[in-house]
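Since the structure comes first, as structure tokens, the remarks are kept for the end.
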Amino acid sequence: MSGSSFLDSFFEKNRLAFAKKQSALLNCPTYTSQEIKDCLMKKGAQEIASSLNRLAEWGPEPVTTYIPVIEPDVIAERFLEADPTELFLSGKFAKVPLITGITKDGVSHKALSVILNSSLAEDMDNNFDTVAPIAFFYERNTERSHIISQELRKFYLKGQHLTNTSLSDLGELFTDAIIGFPEDRASTVISHLSGAPLYYYKFSYQGRYSSVYRPHTNIPYGMF
Numbered sequence: 203m204s205g206s207s208f209l210d211s212f213f214e215k216n217r218l219a220f221a222k223k224q225s226a227l228l229n230c231p232t233y234t235s236q237e238i239k240d241c242l243m244k245k246g247a248q249e250i251a252s253s254l255n256r257l258a259e260w261g262p263e264p265v266t267t268y269i270p271v272i273e274p275d276v277i278a279e280r281f282l283e284a285d286p287t288e289l290f291l292s293g294k295f296a297k298v299p300l301i302t303g304i305t306k307d308g309v310s311h312k313a314l315s316v317i318l319n320s321s322l323a324e325d326m327d328n329n330f331d332t333v334a335p336i337a338f339f340y341e342r343n344t345e346r347s348h349i350i351s352q353e354l355r356k357f358y359l360k361g362q363h364l365t366n367t368s369l370s371d372l373g374e375l376f377t378d379a380i381i382g383f384p385e386d387r388a389s390t391v392i393s394h395l396s397g398a399p400l401y402y403y404k405f406s407y408q409g410r411y412s413s414v415y416r417p418h419t420n421i422p423y424g425m426f
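Okay, so the sequence shown: first residue is 203 according to my numbering, each after it adds one.
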């Protein structure tokens, strides 16, 4: 599994500003939604995909830029009418058996892009309150956000500055924030409200080969 819909700040009600940004990167007009749609429909998949890196807010983050939209009550058939967490808490889901779980180390490899880039590491270290909500998906620019940032830094990074020795700790933070926490929240809520069996697993088999290795070694990093 790669997380769940119980991820804070993962859903928005208006993505027009993002659509305009995407449109501008592809030399499309940005005046109306119809113009944006008509132009983007003419673009090839590779051209759109090539603009992905320029949509990032900080370094390669957030991990997902094309996030779901909670559609307003002005559309006849809305695909998503409310935040999934709210829908689950109100019991609006199919009560069927569920198997869900996590993969050991999850997205811990994302820490490599920070630790191995001195500029990113320094920026995250000096501006953790600003960068962390972007990388770890939670509310921004609030007192609660500040408290969350401080607690995350204290628990995972032991309140220390980021260095090469922070790789494993930062990787654990990435994994818990993006995968572990939303998976745990989902399984807890569903198991309490469903009544149907829920089976939770942790996949931790690590083979000899990987797409990601620890720096300067042939040791696989994570389960990829």
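Backbone N, C-alpha and C fix where the C-beta goes; we use that ideal spot for every residue, glycine too.
query, result
"Check whether Thr-365 and Ala-323 have beta carbons under 9 Å apart", "yes"
"Contact check, Leu-354 vs Phe-339, beta carbons under 9 Å", "no"
"Residue from Ala-251, Ala-313, Glu-341, Ser-235 whose Cα sits closest to the Cα of Leu-359", "Ala-313"
"Identity of the residue in Asp-386, Thr-267, Asn-229 nearest Tyr-402 by Cα", "Asp-386"
"Three-state secondary structure assigned by DSSP to Leu-354", "helix"
"Burial state of Asp-307, where buried means 16 or more other Cβ atoms lie within 10 Å", "buried"
"Asp-378 burial status per 10 Å Cβ neighbour count (16 or more: buried)", "buried"
"Contact set for Leu-375: own chain, Cβ-Cβ below 6 Å, skip 5 residues either direction", "Tyr-358"
"Whole-number beta carbon distance between Ile-269 and Phe-214, since they are thought to touch under 8 Å", "The amino acid occupying residue 214 in the given sequence is Glu; Phe does not appear at that position. Going by Cβ atoms, the distance from Glu-214 to Ile-269 rounds to 6 Å, so yes, they are a contact pair."
"Option in Ala-221, Thr-302, Ala-226, Asp-275 with minimal Cα separation from Ile-193", "Summary: the structure shown does not reach residue 193, with the chain confined to residues 203 through 426, and so no result is reported for it."
"From Ser-396, Met-326, Ser-368, Phe-295, residue whose alpha carbon lies closest to that of Glu-259", "Met-326"
"Three-way DSSP call (helix, strand, coil) for Lys-294 in this model", "coil"
"Close beta carbons around Lys-297, own chain, < 7 Å, minus the five adjacent residues each side", "Ser-396, Gly-397, Ala-398"
"Straight-line gap, Asn-216 to Ser-235 (C-alpha atoms, nearest Å)", "12 Å"
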